[in-house]
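Input: a single structure, listed below in structure tokens.
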């Protein structure tokens with residue numbers, strides 16, 4: 044039978060090499076885990092982003108924008124041409140976004156780190172063409188990954204087309 | 002009776018085996034890396050934000066389309082006509098729209114861009130943009146149909162068909 048086994052030098056060299064490989068593998072695994080966490084987070088924010096853009100844009104297209112007024116800090120009541128009113132409100136402290144009857148919480152590790160920006164910019168354009176750009180921006184910041192995942196909604200419309208309603 | 006090996010492993014044997022294992026690990030890692038990079042690349046394609054942006058650009062161009070756009074594309078040395086600074090209007094509407102949508106580049110091109118993909122070296126296209134263009138490869142041609150391709154400042158890509166026939 045083999046009575047010698049490994050020599051000390053062989054064992055030391057083997058352990059050293061295996062240690063290097065193991066450390067490298069651990070680093071790779073931890074790196075991948077970070078990336079998985081990042082993309083899981085991004086996925087959640089993308090869903091929130093998509094839901095918010097889709098809901099607002101759908102109403103802007105189907106109900107048609109009529110006018111809006113502030114209802115306090117980070118709060119706007121948007122009136123559509125069917126005279127329905129939907130509230131768009133963000134809470135920096137509660138980390139939530141409300142549109143109409145739905146309130147969504149911003150995914151963990153993300154924070155609303157600024158105010159809701161609601162702007163309307165008008166231009167001259169041919170009759171019947173869009174002449175106004177409405178922009179809604181909600182700043183969302185991912186603290187662990189140090190990236191911005193802002194929600195940016197842009198809607199173009201003809202401010203002269205009020206659907207027969209008087210000026211807002 | 003057969004003589005037994007009394008020496009155990011040599012250092013050279015241990016190193017050789019670890020070397021083989023290392024090669025296997027490196028090859029697995031390189032394959033995983035390729036998969037991961039493909040995933041990252043695709044994560045930037047057709048995101049909610051970029052689709053929303055390209056749809057807004059299409060809406061604008063549909064209302065402000067000029068036959069010169071088509072002529073300019075034909076006369077352009079590149080099959081990708083850069084329309085970020087195109088003079089659709091003189092009111093600043095288009096420039097404001099691009100800024101609000103956070104768009105870095107906009108191109109107007111034919112429906113079939115296989116020539117661009119094949120002869121990319123002639124058109125000074127960067128590698129990441131080329132990767133995206135490759136996803137737009139088609140095997141057919143459509144008359145009067147074009148593409149609007151956008152690149153956002155955050156590195157997202159998106160494209161949309163634009164049919165001149167639909168404008169009439």
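Chains as they are written, first to last, in our numbering: chain A, 44 to 211; chain B, 2 to 169.
Virtual Cβ for every residue (Gly too), placed ideally from N, Cα, C.
- Within the stretch 184 to 201 of chain A, the residues whose Cβ lies closer than 7 Å to any Cβ of chain B are, in chain order, 195, 197, 199.
- Taking a C-beta cut-off of 8 Å against chain B, the contacting residues of the stretch 49 to 70 of chain A are 49, 50, 52, 53, 56, 57, 60, 61, 64, 68, listed in chain order.
- Taking CB atoms only, residue 161 of chain A has no neighbour in chain B less than 8 Å away.
- Residue 164 of chain A reaches chain B at 97, counting residues in chain order whose Cβ is nearer than 7 Å.
- Sixteen is the threshold: when 16 or more other Cβ atoms of the shown chains lie within 10 Å of the Cβ of residue 80 of chain B, as they do, the residue is buried.
- Nearest in C-alpha terms to residue 90 of chain A, of all of A:167, A:147, A:207, A:171, is A:147.
- In this structure, DSSP gives residue 164 of chain B an extended state, which the three-state scheme calls strand.
- For residue 45 of chain B, the secondary structure class from DSSP, reduced to helix, strand or coil, is coil.
- Boundaries of the alpha helix (DSSP H) harbouring residue 75 of chain B: 68 to 76, taken from the DSSP string.
- Any Cβ of chain A closer than 8 Å to the Cβ of residue 93 of chain B would place that residue at the interface, and such an atom is present.
- Nearest in C-alpha terms to residue 125 of chain A, of all of A:161, A:189, A:107, A:113, is A:107.
- Approximately 5 Å separates the beta-carbon atoms of residue 131 of chain A and residue 142 of chain A; this is inside 8 Å, confirming the contact.
- Contact of residue 134 of chain B with chain A is not assigned, every C-beta pair being separated by 8 Å or more.
- With respect to chain A, the C-beta atom of residue 48 of chain B has a partner C-beta closer than 8 Å.
- In this structure residue 148 of chain B is buried. Its beta-carbon is surrounded by 16 or more other beta-carbon atoms within 10 angstroms.
- Boundaries of the beta strand (DSSP E) harbouring residue 163 of chain A: 160 to 165, taken from the DSSP string.
- Looking at the backbone, the Cα of residue 151 of chain B and that of residue 105 of chain B are separated by about 8 Å.
- Taking a C-beta distance under 8 Å as the contact criterion, residue 85 of chain B and residue 107 of chain B qualify as a contact pair.
- If the five residues before and after residue 182 of chain A are omitted, its C-beta is found closer than 6 Å to the C-beta atoms of 156, 157, 193, all from its own chain and listed in chain order.
- Bridge partners of residue 141 of chain A according to DSSP: A:132, A:146.
- Proximity of chain A to residue 23 of chain B at the Cβ level (cut-off 8 Å) is accounted for by 64, in chain order.
- Identification of residues in the stretch 97 to 116 of chain B having a C-beta nearer than 8 Å to some C-beta of chain A yields 97, 98, 101, 102, 103, given in sequence order.
- Leaving aside the five residues that flank residue 120 of chain A on each side, the residues in its chain whose CB is nearer than 7 Å to its CB run, in chain order, 111, 112, 114, 128, 130.
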